[in-house]
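> Each residue of the sequence shown is one higher than the last, beginning at 17 in our numbering.
Glycine included, every Cβ here is placed at the ideal spot set by N, Cα and C.
The structure that follows is given in the form of structure tokens.
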Amino acid sequence: MASARLAPGIVLLDADNLQDDVPGAIAALRTRGSVQAVLLSKAAPDFAFGVAAIRAGAVDILEKPLSEQRLLAAIRLATSRPRPRTPTTIARNIDRLTAREREVVAWLLYGLTNKEIGRELEISHRTVEIHRARLMRKLAVPSLPALIDVVLAQRDKLPDVGIARPSHAPGA
Numbered sequence: 017m018a019s020a021r022l023a024p025g026i027v028l029l030d031a032d033n034l035q036d037d038v039p040g041a042i043a044a045l046r047t048r049g050s051v052q053a054v055l056l057s058k059a060a061p062d063f064a065f066g067v068a069a070i071r072a073g074a075v076d077i078l079e080k081p082l083s084e085q086r087l088l089a090a091i092r093l094a095t096s097r098p099r100p101r102t103p104t105t106i107a108r109n110i111d112r113l114t115a116r117e118r119e120v121v122a123w124l125l126y127g128l129t130n131k132e133i134g135r136e137l138e139i140s141h142r143t144v145e146i147h148r149a150r151l152m153r154k155l156a157v158p159s160l161p162a163l164i165d166v167v168l169a170q171r172d173k174l175p176d177v178g179i180a181r182p183s184h185a186p187g188a
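Printed below as a string of structure tokens:
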């Protein structure tokens, strides 16, 4: 599929042509993994439509006829928002981790500090901090708890790196 190779983009859907299946259309686009945001256009959107569209994942609803200024404002808004983390994008991001970043994640799951991970991997704690910052950026997470949530939700996507629980890890 050619779209699988495209960078994530913004899709403008004409809701008047979707025959009341806006949620289905948005879900189908999201599962392809190449959609950053969905904008909808509709001749006379009502409140119920707006609520259903936003719940389905639309970023904005534009009333027809579209003005260039309003469309550009909606695109700016859509590109300024953080991308949603779907299982597909999370799995793709986990696939982008280096072997060392995967090792750092595995040790983080055991609750080790950067210094302890550094000792286990025979690298400095500063190097661990760099790997940790890079993997958090790749997984688009703002904090360690968010990182742990993402990794645990997709742990089947992480290969077994052959790490045994260290004797000094919590719960050992």
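Short check: CB of residue 125 to CB of residue 157, under 8 Å?
Contact flag unset, no.
> Using the Cα positions of residue 82 and residue 46, report the straight-line distance between them to the nearest angstrom.
Taking the straight line joining both Cα atoms gives about 24 Å.
> Does the distance from the C-beta atom of residue 77 to that of residue 93 stay below 8 Å?
Cβ atoms of residue 77 and residue 93: not closer than 8 Å.
> Using DSSP with H/G/I as helix, E/B as strand and the rest coil, what is residue 59?
Looking at residue 59 - three-state DSSP - the assignment turns out to be coil, as it is neither helix nor strand.
> Using a Cβ distance threshold of 8 Å, determine whether the segment 117 to 133 contacts the segment 141 to 152, with at least three qualifying pairs required.
The segment 117 to 133, when compared against the segment 141 to 152, does touch it at the 8 Å Cβ threshold.
> Taking 8 Å as the cut-off, decide whether the C-beta atoms of residue 42 and residue 90 are in contact.
Cβ distance not < 8 Å, so residue 42 and residue 90 don't count as in contact.
> Grab the span of the beta strand (DSSP E) containing residue 45 for me, first residue to last.
No beta strand (DSSP E) holds residue 45; the alpha helix (DSSP H) holding it covers 38 to 47.
> Could you tell me if residue 134 is buried or exposed, where buried requires 16 or more neighbouring beta carbons within 10 angstroms of its beta carbon?
Buried: at least 16 other Cβ atoms inside 10 Å.
> Have a look at residue 155 and residue 51 and give me their C-alpha separation to the nearest angstrom.
Taking the straight line from one Cα to the other gives about 17 Å.
> Please report how far the alpha carbon of residue 143 lies from the alpha carbon of residue 113, in whole angstroms.
Distance between the alpha carbons of residue 143 and residue 113: 15 Å.
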